[in-house]
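According to our numbering, the sequence shown is numbered sequentially starting from 9. The structure appears right after this line, and notes come after that.
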Amino acid sequence: MSETATPDGFRFEVSASPLGESQRGARSGRFFTPHGVVETPAFMPVGTHASVRGLAMPELVAAGARMVLANAYHLYLRPGDEMVRALGGVHAFARWDGPMLTDSGGYQVFSLSRYRQVDETGVTFKNKLDGSMHHYTPERVMQIERNIGADVIMQLDELIAGGADHDASRAAMERSLRWLDRCRAEFDRISREGRAPAREFVVPDGAPPLATHDPARDLVAPEQALFPIVQGGTYADLRKASIAGILQSGDWHGIAVGGLSVGEAKSAMYDTFDTCSPLLPWDKPRYLMGVGFPDDLLEAVSRGMDLFDCVAPTRMGRHGTVFTPTGKVQVQKSSYRTDRRPLVESCTCPACTQYDRAYLRHLMVTEEPLGPRLLALHNLTFLLDLMREARVQLALGSYASWSAAWLARYRSRGA
């Protein structure tokens with residue numbers, strides 16, 4: 009077992025690796041944070057607004073989630089990062105006492121191509137909610153994320169579309185490295201000097217005081233880990249340069265791989281895993297951003313990735329598409345009208361243990377709110393169970409054969 013310990017509540021242990029450290033292959037581990045331990049490989053449900061849409065936090069716990077993601081961009085816009093801070097930080101705000109991670113919002117800004125402008129200082133963008141203009145800089149993002157208070161926070165990076173040419177990908181990768189240096193400097197400054205004084209908010213008569221009522225305590229930033237993000241599109245030389253730049257810039261609690269699942273071919277994405285994995289520190293968690301289809305997860309685990317997130321499983325569930333062991337299925341299909349079998353026999357989620365296919369189809373075609381909730385929870389449970397089984401197979405030393413058989417069945421046909 010290899011272990012890296014840190015003085016501030018973060019460390020990572022590699023507990024099982026069938027191929028051994030020198031092969032840089034699949035591994036299981038444990039990521040220690042101030043709010044608990046995450047067994048890896050692990051999928052993190054996406055709670056964009058500090059809520060996984062339609063689902064309560066106890067439902068996520070019952071499904072097996074141990075770490076969730078929130079988005080700094082969305083929380084900055086509503087209710088505001090300073091409001092989240094005043095309400096006790098994102099853990100108290102969301103009623104989640106386990107580990108949390110916030111994405112900086114780089115992807116969200118990327119998706120607003122018509123409403124944003126990027127230069128060396130940062131990103132200027134229009135808020136689609138009210139038309140107001142905002143300027144995101146690496147320093148401002150650190151201030152926002154340190155107000156929100158998640159355990160793991162991400163640097164501001166520049167994300168570009170899949171298929172972008174080499175010159176554009178190199179420029180974005182190099183800018184992301186420069187922004188990383190600025191993020192690190194501001195992160196360290198806040199750790200030394202504390203957060204800026206909190207805004208004052210009016211509290212209704214009889215309501216408890218806000219968390220900011222004790223200024224001396226509130227100015228101290230919570231323990232947090234800043235993760236850099238590897239960029240470079242699908243170009244191996246750029247990915248290698250990005251990793252080299254990150255490792256030269258200092259020691260990190262973990263490293264993220266971003267800029268994938270944005271339109272590139274799956275084969276190109278897998279090739280990028282192969283490029284990055286041997287170069288990433290073995291004793292740090294690797295977070296693969298925005299990837300969450302079952303086959304992609306297993307392919308990534310086989311290449312040594314540890315943490316994953318993606319909004320697609322819950323979004324797909326809300327629109328009637330679910331994961332099964334033999335591929336994706338559309339619940340509204342007419343053949344389910346009289347099908348009294350569970351959606352997936354072995355699944356432990358409420359959709360599969362308490363209802364049948366016919367009823368789930370009925371909920372979706374009649375647009376009953378229960379249907380999207382149940383199917384979103386099913387997809388999350390499916391991925392969380394898949395990662396749990398991956399950890400078991402890694403401990404047994406049988407991950408390669410198990411994952412090959414699982415992928416062959418999943419890719420064979422629809423249910």
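Built from N, CA and C at the ideal position, the CB exists for glycine as well. These numbers were taken from a predicted model, which means no experiment stands behind them.
Residue of I156, A398, V149 minimising C-alpha distance to Q163: V149
Of all the options R124, L415, A308, which has the alpha carbon lying nearest to the alpha carbon of G33? A308
Could you confirm whether any beta carbon from chain D is found closer than 8 Å to the beta carbon of A384? Although the question refers to chain D, the structure presented lacks it and comprises just one protein chain.
State the Cα-Cα distance for the pair C284 and F301, rounded to the nearest angstrom. 20 Å
Using 8 Å as the threshold, is the C-beta distance between D89 and L83 below it? yes
For M91, does the three-state DSSP call read helix, strand or coil? helix
Nonlocal neighbours in the same chain, by C-beta distance under 8 Å from G113, ignoring five residues either side: N79, A80, Y81, H82, Y84, Y144, V149, L164
Return the CA-CA distance between K134 and R122, expressed in angstroms with no decimal places. 9 Å
So, at 7 Å on beta carbons, what are the nonlocal neighbours of T129 in its own chain, with the 5 sequence-adjacent residues on each side left out? T145
Going residue by residue through the region 348 to 396, where are the continuous alpha helix (DSSP H) segments of at least 4 residues, counting only ones entirely within it? 358 to 362, 365 to 373
Quick check: V330 and F316, are their CB atoms within less than 8 Å of each other? no
In the DSSP assignment, the beta strand (DSSP E) including G44 goes from what residue to what residue? 44 to 48
Within this structure, are the beta carbons of G97 and P230 separated by less than 8 Å? yes
What does DSSP give as the partner residue(s) for D317 in the beta ladder? M52
Take the Cβ of C191 as the centre, count every other Cβ of all protein chains shown within 10 Å, and call the residue buried at 16 or more, exposed below. buried
Here's a check: name, in chain order, each residue in its chain whose Cβ is nearer than 6 Å to the Cβ of V54, leaving out the five neighbours to either side. L77, D317, V319
Would you call the region 265 to 277 and the region 211 to 219 in contact, with 3 or more CB pairs under 8 Å? no
If you pair each beta-carbon of the region 375 to 386 with each one of the region 403 to 418, do three or more pairs fall below 8 Å? no
If you draw a straight line from the C-alpha of Y115 to the C-alpha of K136, how long is it? 15 Å
Taking E182 as part of the alpha helix (DSSP H), name the residues at either end of that continuous run. 174 to 201
Cβ-Cβ distance between V265 and I254 below 8 Å: no
Applying the criterion that 16 or more other CB atoms from any shown protein chain within 10 Å of the CB defines a buried residue, is A13 buried or exposed? Bear in mind that a pLDDT of 39 at A13, under 50, signals an unreliable position, so the number given afterwards is only what the model happens to contain. Label assigned to A13: exposed.
Assuming F18 and H261 are in contact, meaning their beta carbons sit under 8 Å apart, how far apart are those beta carbons, in whole angstroms? 5 Å
Return helix, strand or coil for E21, following the three-state DSSP convention. strand
Under 8 Å between C-beta atoms of Y378 and L351: A small correction: the amino acid at residue 378 is Leu; Tyr does not occupy that position in the sequence shown. Not closer than 8 Å, so no.
8 Å Cβ cutoff met for T356 and D314: no
For the candidate residues I198, E201, S250, whose alpha-carbon lies nearest to that of E182? S250
Suppose you measure from the CA of S310 to the CA of P26; what does that come to, to the nearest Å? 10 Å
Would the region 320 to 340 count as touching the region 279 to 295 if we require 3 or more Cβ pairs under 8 Å? no
What is the residue span of the alpha helix (DSSP H) that Y243 lies within? Note, Y243: premise wrong, no alpha helix (DSSP H); not H, not E.
In whole angstroms, what separates the C-alpha of H174 from that of M277? 16 Å
Which word fits A193, buried or exposed, when buried means at least 16 other C-beta atoms lie within 10 angstroms of its C-beta? exposed
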